[in-house]
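In this note's numbering, the protein residues as written are 1 to 456.
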């Protein structure tokens, strides 16, 4: 057999027969491995504690402990360490038990050296491969986690850049945007790329907490603090300790309770209701709001001191109607996601369907688009999403445009896009005719075609 570089791998033999140990040790060293030996489990433990062992040859019958039992003990502490069992006979029960307890393979006595070294070589190859996979997984955990934040628009690239900046620091962040724009996804991305990623991110919907429960939910309480407190309750601040506390719709916290939140953030300590000692907390605050907090301060709905404590690094998430370039990427992302989730096999989307989705004004933003795509995929009978799979209210908006009926709540850019598309189709995409009807220059038309993705 081909020799390996000396000292590359360390093999431990555990067997109470000295002649077997001598025979194996000689051949293993000749093959180019380092070799250790032990006649019982106690001796093996000393070797394992003091040496980096890469593989174990373990006899099933040992004087101080059953080999299969010891195999289990080894795998509990050294999960990735391959163990090959040595047995005097083809005892099926023992072989099955060994494999169930994590043995890589088994070798019967008298030992066939060729077979043994083949097993050793394969086991060590697998160990190195698993080690490499673990290393890659660790490296991947360092890479930016932006799951669900999909698109190519300049708006989105700006958001991703701000996520990277926020992730590299520990400052408080406020994410502002309409409902459904993906504020929580941004918060998760910041947390998952920060130094706190291995700790919890506690998500709190501030608008869902009644005034009477605010203190108990945020600060927790001790057993007996009030009539119904039959056991200690850990609040959000303690749950998020060393991690991130995400306060969704923070503007919904009543003014008289905001001061309690401010005090905890400033002093970095809290006291449970009914408690007698202050508990230090180490948390990062990420808040989200669908309102303009500055205007809420001006209207005396939000404390100015809390505003400045939180508003260290703002991130504005624009509505989907302002970043329609992202719609094709989002549609592809959702199709892939719901194919897996709902066991579907939708291969794409018809151009006309995508045009309808791109021209729609999306009051509910990305969340509405996500729901529309999932619903369309459930009812679609072909392998591509057709206009017929879309909800009637989306199709109706286009029909109203085609009939010359504009809804007041459609943004101007949406009407402009639909009108340019309509004229282009009427002129069979003849640019000269189109510019004359629209009363714009050829350069402006080309810019609008590119901006609204109106290529034929």
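Every residue gets a Cβ at the ideal spot worked out from N, C-alpha and C, and that includes glycine.
For residue 188, three-class secondary structure by DSSP = Residue state, collapsed to three classes: helix.
Supposed close pair residue 70, residue 62 - CB separation, criterion 8 Å | Indeed they touch by this definition, with Cβ atoms about 7 Å apart.
Compute the Euclidean distance between the alpha carbons of residue 420 and residue 426, then round it to the nearest angstrom.
-> Going by the C-alpha atoms only, they are around 10 Å apart.
DSSP state of residue 237 mapped onto helix, strand, coil | In the structure shown, residue 237 falls within a helical segment according to DSSP collapsed to helix, strand and coil.
Run the CB neighbour count on residue 443, radius 10 Å, all protein chains shown included, and call it buried at 16 or more, exposed below.
-> Exposed is the call here.
Alpha-carbon spacing of residue 391 relative to residue 346, whole angstroms | Annotation: residue 391 to residue 346 spans about 17 Å, alpha carbon to alpha carbon.
Where residue 161 falls, given that 16 or more other Cβ within 10 Å makes a residue buried | By the 10 Å Cβ count, residue 161 comes out exposed.
Close beta carbons around residue 269, own chain, < 8 Å, minus the five adjacent residues each side = Residues 278, 279, 280, 281 of the same chain have their beta carbon placed closer than 8 Å to that of residue 269, with the five preceding and five following residues left out of the count.
Three-state class that DSSP yields for residue 348 in the structure shown = In the three-state scheme derived from DSSP, where H, G and I count as helix and E and B as strand, residue 348 is classed as strand.
According to the Cβ coordinates, are residue 190 and residue 167 closer than 8 Å?
-> Taking 8 Å as the Cβ cut-off, residue 190 and residue 167 qualify as a contacting pair.
Measure the Cβ-Cβ separation of residue 237 and residue 219 and say whether it is below 8 Å.
-> Closer than 8 Å, so yes.
In or out: residue 231 buried (at least 16 other Cβ within 10 Å) or exposed?
-> The C-beta of residue 231 has fewer than 16 other C-beta atoms within 10 Å across all chains shown, which makes the residue exposed.
Hey, would you say residue 365 sits closer than 8 Å to residue 179, going by beta carbons?
-> Yes.
Within its chain, find whatever has a CB closer than 7 Å to the CB of residue 352; leave out the 5 residues flanking it on each side and keep chain order.
-> Exclusion of the five residues before and after residue 352 leaves 387 as the residues of its chain whose Cβ lies within less than 7 Å of its Cβ.
Enumerate in chain order the residues of its own chain whose CB-to-CB distance from residue 254 is below 7 Å, with the five nearest sequence positions on each side excluded.
-> Hits under 7 Å: 211.
What are the uninterrupted segments assigned as alpha helix (DSSP H) that are 4 or more residues long and contained completely in the stretch 238-320, given in chain order?
-> Fully enclosed alpha helix (DSSP H) runs of 4 or longer: 255-267, 293-298, 304-310.
What alpha helix (DSSP H) runs, 4 residues minimum, are completely inside the stretch 59-91?
-> As far as the stretch 59-91 is concerned, its whole alpha helix (DSSP H) runs of at least 4 residues are 67-77.
Cβ pair residue 28, residue 11 closer than 8 Å | Contact: yes.
Give the DSSP bridge partners of residue 336, in chain order.
-> None; residue 336 has no bridge partner.
Range covered by the beta strand (DSSP E) that runs through residue 106 | For residue 106, the enclosing beta strand (DSSP E) stretches over residues 105-108.
On a CA-only basis, which of 222, 338, 329 is nearest residue 276? Give me that one, please.
-> Checked all of 222, 338, 329; the closest Cα to residue 276 is 222.
Evaluate contact between the stretch 332-344 and the stretch 288-300, counting only Cβ atoms and requiring at least three cross-stretch pairs below 8 Å.
-> Taking 8 Å as the limit for Cβ pairs, the verdict is that the stretch 288-300 does not touch the stretch 332-344.
Close beta carbons around residue 318, own chain, < 8 Å, minus the five adjacent residues each side = Hits under 8 Å: 155, 177, 181.
Secondary structure of residue 37, DSSP reduced to three states = DSSP places residue 37 in strand when its eight states are reduced to three.
Which runs of the beta strand (DSSP E) spanning at least 3 residues fall entirely within the stretch 199-226, listed in chain order?
-> With a minimum length of 3 residues, the continuous beta strand (DSSP E) runs that stay inside the stretch 199-226 are 201-205.
Round the Cβ separation of residue 285 and residue 245 to the nearest angstrom and send it over; I've been treating them as touching at under 8 Å.
-> With a Cβ gap of about 6 Å, residue 285 and residue 245 count as contacting.
CA-CA distance, residue 461 and residue 424?
-> Nothing about residue 461 can be reported from this structure: the residues present for the chain run from 1 to 456 only.
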